[in-house]
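For the sequence shown, the numbering used here begins at 73 and goes up steadily by one. Note that CB positions come from ideal geometry on N, CA and C, so glycine has one too.
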Amino acid sequence: MKNQKIVRAVVLGGGAVAQRRHLPEYAANPNAEIAGVIDTNQNRAQELVELYGGRVYASLDEALADPAVDAVSICTPNVTHASATIKSLKAGKHVLCEKPMAQTLEETRAMLQAEKECGKILMLGHNQRLIRAHTKAHELLHGGAIGDLLFFQCNFKHAGPETWSADPGAATWFFRRDQAHFGVMGDLGAHKIDLIRYLTGSEIKNVFASTSTLDKRYEDGSLIDLEDNVVCLFDVENGLSGIMHFSWTNYGQEDNSSVIYGTKGVMKIFGDYADDIVLEMRDGIQVKYTVGGIQTNQNQTKSGVIDEFVNSIVEGRAPIVTGIDGHNTLAVIETAMKSAQERRWMEIEY
Ligand SMILES: NC(=O)c1ccc[n+]([C@@H]2O[C@H](COP(=O)([O-])OP(=O)(O)OC[C@H]3O[C@@H](n4cnc5c(N)ncnc54)[C@H](O)[C@@H]3O)[C@@H](O)[C@H]2O)c1
Numbered sequence: 073m074k075n076q077k078i079v080r081a082v083v084l085g086g087g088a089v090a091q092r093r094h095l096p097e098y099a100a101n102p103n104a105e106i107a108g109v110i111d112t113n114q115n116r117a118q119e120l121v122e123l124y125g126g127r128v129y130a131s132l133d134e135a136l137a138d139p140a141v142d143a144v145s146i147c148t149p150n151v152t153h154a155s156a157t158i159k160s161l162k163a164g165k166h167v168l169c170e171k172p173m174a175q176t177l178e179e180t181r182a183m184l185q186a187e188k189e190c191g192k193i194l195m196l197g198h199n200q201r202l203i204r205a206h207t208k209a210h211e212l213l214h215g216g217a218i219g220d221l222l223f224f225q226c227n228f229k230h231a232g233p234e235t236w237s238a239d240p241g242a243a244t245w246f247f248r249r250d251q252a253h254f255g256v257m258g259d260l261g262a263h264k265i266d267l268i269r270y271l272t273g274s275e276i277k278n279v280f281a282s283t284s285t286l287d288k289r290y291e292d293g294s295l296i297d298l299e300d301n302v303v304c305l306f307d308v309e310n311g312l313s314g315i316m317h318f319s320w321t322n323y324g325q326e327d328n329s330s331v332i333y334g335t336k337g338v339m340k341i342f343g344d345y346a347d348d349i350v351l352e353m354r355d356g357i358q359v360k361y362t363v364g365g366i367q368t369n370q371n372q373t374k375s376g377v378i379d380e381f382v383n384s385i386v387e388g389r390a391p392i393v394t395g396i397d398g399h400n401t402l403a404v405i406e407t408a409m410k411s412a413q414e415r416r417w418m419e420i421e422y
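Listed below in C-alpha cells is the structure:
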C-alpha cells in the first residue's frame, strides 16, 4: 500500500524557477505541502507564502532548524548550490537542487559525500529528462528504433536569461561570474549534456569546446565576462560522437532540438515544431510521435521534477536524476570550459 507521508518542503529562492515550477508543482502534489519560502527579497517571499501557504523563514538556518521541514528546493543563484545543499543534507533534509549542480567538481564531490553520510535524497533539477517526448525518445532508442547510435546534434538556443529572471535586465545575476560562475554553458549546456547522457545511456569521454561572448552586455554597454555562446564536439562511449551549440543570442524562435543518427535511421526531437519526435527511416518511411511538446521560456508546462522528487521521498527510492548525474554533467561542463581556454581536446575525469 502506498505510504501517505506528506513531504513539507521549503523553497530557497523565490525567483522565476520557483514561481513557474517548484511552488505551483508542490502546491498541486497531494503528497506535498509548502512549509515556507526564504528569499533575500523578503517582500517576494511574503507574497509567495500568501499565494501558496507556509511561512517566511528569515534564513536557511532558521528553516533547517524547524523539524516541520522535510525537504529543501534550492532555487537560488549557482554560487549558493553547494553550501545550501550540504547544509540542508546535514540538517537531515532531502534536497532538490537546481542546475548546474555547483561551480566546481570539488563542490559536487563534497555534495555527494554529504548525501552519502546523511542518507537523504539529493535530486537535480535537470527537467529535460522528464519531458514526455524525451522519455518516449529514451524508450524508442533503447528499443533499437534507429539501430546503433552513431552521432547526435543538440541545440539549446534562446534570447538569454535577462528577460526570464525575477529580477530582469542587464544587472541579472546570470551575467555575474561571482554568482553564476558559468554563462550559457551552466544555464543551457547543463540541460542537453544531462539529456544526451540519459538518452544514450553513455558517458561522454572527450570534449573540444569553443566559447565566445558575442552580444550580452552589462548596463554600461561592455560585454559580459561570461560566455554567451558555446560549441562543443564530444566523443562518447561506444564510438558515438556528437556536437552541441548553446546560445543566449538566438533572437528568433527558441531552439531546443536534438537529432540522433543511427544505423537504421534518424530521430529528430523538437526539430519540427508540428511533431515532437520524427523518425526518418533508411527505407524512406517516416514515423511521427506527438507526445506533449517542449517547455519554452514563453510556454511553461508542468516540469514533473517536483512530483518525481516528492514521489522518490514517499516511495523511499532514488530519483530519476541523481547527485551522480549532476556531478557527471558538471564534469563535462568543467572540462569543456578548460578545453575552450586551452584550445585542445580534453578527456573528462569523473
Ligand atoms: N531547471 C531549469 O530549467 C531552470 C530554469 C531556470 C533557472 N534554473 C536554475 O534555478 C536557479 C534560480 O534561477 P531563477 O531563474 O529562478 O533566478 P531568479 O533570478 O529568477 O531568482 C533567484 C531568486 O533567488 C533570490 N536569492 C538570491 N540570492 C539568495 C540567497 N543567498 N538567499 C536567498 N535568496 C536568494 C533572489 O532574490 C531571487 O528571488 C539557478 O541556479 C538557475 O540555473 C533552472
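CA-CA distance, residue i and residue j?
i	j	result
G125	D111	15 Å
Q413	S284	11 Å
G87	W320	20 Å
D138	S237	29 Å
K165	D355	53 Å
I106	A117	12 Å
A408	N101	38 Å
K74	E387	Note on K74: pLDDT 47, under 50, position unreliable in the model; the coordinate value appears next. When rounded, the distance between both Cα atoms is 8 Å.
V382	I296	38 Å
K192	Y98	19 Å
E134	Q114	14 Å
F246	I357	44 Å
I420	N103	39 Å
Less than 9 Å separating the beta-carbons of residue i and residue j?
i	j	result
Y173	G395	Tyr is not the amino acid found at residue 173; the sequence shown has Met there. For M173 and G395, yes; Cβs fall inside 9 Å.
L212	L351	yes
V363	K208	yes
N278	W417	yes
F318	D397	no
P391	M183	no
A163	R80	no
Please check the pair residue i and residue j, which I expect to be a contact at CB under 8 Å, by giving their CB distance rounded to whole angstroms.
i	j	result
Q175	N199	Not quite, the Cβ-Cβ distance comes to about 21 Å (not below 8 Å), so this is no contact.
G337	M353	4 Å
T152	L402	In fact, because the Cβ distance is near 15 Å, the residues do not count as touching under 8 Å.
S155	V144	Not really, about 12 Å apart at Cβ, beyond 8 Å.
Y270	R201	5 Å
G273	H214	7 Å
I276	V308	5 Å
Ordered along the chain, which non-local residues of its own chain (more than five positions away) have a Cβ less than 6 Å from that of residue i?
i	result
Y333	L222, F223
R93	S375
Residues in its own chain within less than 7 Å of residue i by CB, not counting five upstream and five downstream?
i	result
G197	L168, C169, E170, K171, V377
I218	I332, G334, K336, G337, V338, M339, L351
S131	I110
A242	E234, R289, Y290, E291
Which two residues bound the contiguous beta strand (DSSP E) that contains residue i?
i	result
S294	S294 -> no beta strand (DSSP E), and no H or E assigned at all.
I276	276 to 284
Could you give the first and the last residue of the continuous alpha helix (DSSP H) run that contains residue i?
i	result
N113	Run containing N113: none; DSSP gives neither H nor E here.
I265	262 to 272
F381	377 to 387
C190	177 to 190
Q413	395 to 414
Please report whether the beta-carbon of residue i lies at a distance below 9 Å from any beta-carbon of chain B.
i	result
I296	The chain labelled as chain B is not found in the depicted structure, where only one protein chain is given.
If I measure Cβ to Cβ from residue i and keep anything under 8 Å in the same chain, skipping five residues before and after, which residues do I get?
i	result
K410	M418
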